[in-house]
Structures are given as C-alpha cells and as structure tokens.
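Some notes on the structure that comes next.
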Amino acid sequence: MSSAATVPGNQPLLCQSLFEVKNKSSALFRENQQYGPIETISYFNCNKENLLDYEVLLRTNTSKDHGLMKDCVYKITAKAMFLNIKSKAPVLNYFPERAVKISASKHFMGTTVDDASFFGVGLILSFKKETEDDNPRYGPCLMAIVSHSHWDPVVVKSFKVKYCVPSSPHLIKTHSMLRENKEFFFDGILVGWEMEENKI
Numbered sequence: 005m006s007s008a009a010t011v012p013g014n015q016p017l018l019c020q021s022l023f024e025v026k027n028k029s030s031a032l033f034r035e036n037q038q039y040g041p042i043e044t045i046s047y048f049n050c051n052k053e054n055l056l057d058y059e060v061l062l063r064t065n066t067s068k069d070h071g072l073m074k075d076c077v078y079k080i081t082a083k084a085m086f087l088n089i090k091s092k093a094p095v096l097n098y099f100p101e102r103a104v105k106i107s108a109s110k111h112f113m114g115t116t117v118d119d120a121s122f123f124g125v126g127l128i129l130s131f132k133k134e135t136e137d138d139n140p141r142y143g144p145c146l147m148a149i150v151s152h153s154h155w156d157p158v159v160v161k162s163f164k165v166k167y168c169v170p171s172s173p174h175l176i177k178t179h180s181m182l183r184e185n186k187e188f189f190f191d192g193i194l195v196g197w198e199m200e201e202n203k204i
C-alpha cells in the first residue's frame, strides 16, 4: 500500500451563462510572450427585482490576439472556482473554443439576468428544511450546503455552494434522497449571492 497522502477528489462545478464584456481582456504574461493566461472582468446578474452586478473573472490560456472583445456579449461554458473569500471575485476557467460571441452589446436583444446555470457533482455537507416564514423569497424549500472542488496549477481548492431545492410537486420527493456526506449531481440556476461571505 502506498504511503503517499490521499489526493482530494475533483468535484468541479460547471457554469454556462451569457456575459457582457465591459472591460478589455488583460494578458497575465510578459510582453515578449505570445501565449499564456488571459483574464477578463465580467458580471453576474441574478435577481430581476434587485439588479446588482456581481463581479467574476473569466480566465483562459490562449494567445494575445484571442481575448474577449470589449462591448460584446458571449455565451461561455466554464469551470467555476468560488473561493469563499471576501474581496476575491470568483474565477471561471474556460477553453477559448467554449466562448461563443453572440453580438455586440448595442445590438443584443436579450437579457443576461437570471441566465447563469450551474451543474456538477458535489458532496452534501449539511441541509435543513425551511418554511415560508424562514425563506419568504423562495417559500418552503430545502437548503443544502454542498462542497465542490477544482484544481489550479498549485492545489485542489474546495468551495461551498448553497443550493435551494423548492418544495414544488415535481421536486418535493427529491428532498428525502439527500443525505450528508453523499455525492449528488446538481443542476440549477444562480438565484442569489451572499455579499458578506462572497459566495453563492
């Protein structure tokens, strides 16, 4: 049996959303290099009743000429890293091929609000049922704290996501399936952000 330390399992959380790029992409490598990490600031919008922009970093590895264009809307599929640290924006790592330019912002006829969907396998840490009095916005539901993890060039990073499972007729039976310390596949949309703890 190997004496090496056990490596944590990878439980990535994928995100697919429309992003409006309002700032020019920044190359995170020296001027004499042609290829490396490129970062672009964008935002999530996830509540039509209270329109706030939540900053996110779109990150990829590509050449300088293939950054995202300013004042354009893109459909991007990426792996998310929510660091759960104050003042640290979440990071979405994507392949350049998974960033599809939709149109220039001024010609875009749709909306980017409530468009971010997330899906992936996570480990349930805890959960509890809430009544409509506990949670007036979503009504009776089950709130689950779930651990996901993703790697960067140095370590595997774990982060927590809170999931709200409604008590609607087609989802109420799923409540009895959830168990602590069990893995489940989650699929849902971004509906809120905890500003104090900087997490979803």
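Residue numbers (the working numbering): 5 to 204. For each residue, glycine too, the CB sits at the ideal point set by N, CA and C. Please read all numbers here as calculations on a predicted model, not as lab measurements.
Classified as buried, residue 97 has 16 or more neighbouring CB atoms from the shown chains inside 10 Å of its CB. Membership of residue 41 in the beta strand (DSSP E) is indicated by the continuous run 39-48.
Put simply, the backbone Cα of residue 59 is about 23 Å away from that of residue 190.
Separation of the CB atoms of residue 62 and residue 46 is rounded to 5 Å, and the pair is thereby assigned contact status at 8 Å. Residue burial annotation: residue 193 is exposed, with fewer than 16 other C-beta atoms found within 10 angstroms of its C-beta. In this structure, residue 25 sits away from residue 69, with a CB-CB distance that is not shorter than 8 Å. Residue 19 and residue 147 have their C-alpha atoms spaced approximately 20 Å apart.
Distances from the alpha-carbon of residue 112 to those of 79, 36 and 180 put 79 closest. With respect to residue 127, residue 150 sits close: the two C-beta atoms are nearer than 8 Å.
Here the alpha carbons of residue 186 and residue 32 stand approximately 38 Å from one another. Distance from the Cα of residue 65 is smallest, within the candidate group 49, 77 and 37, for 37. The Cβ neighbour count for residue 174, taken over all protein chains shown within 10 Å, is under 16; the residue is labelled exposed. Restricting attention to 183, 122, 77 and 144, the CA atom closest to the CA of residue 85 is found in 122. Comparing alpha carbon positions, the residue from 39, 35 and 131 closest to residue 184 is 131.
In this model, residue 181 and residue 188 are separated by some 9 Å (Cα to Cα).
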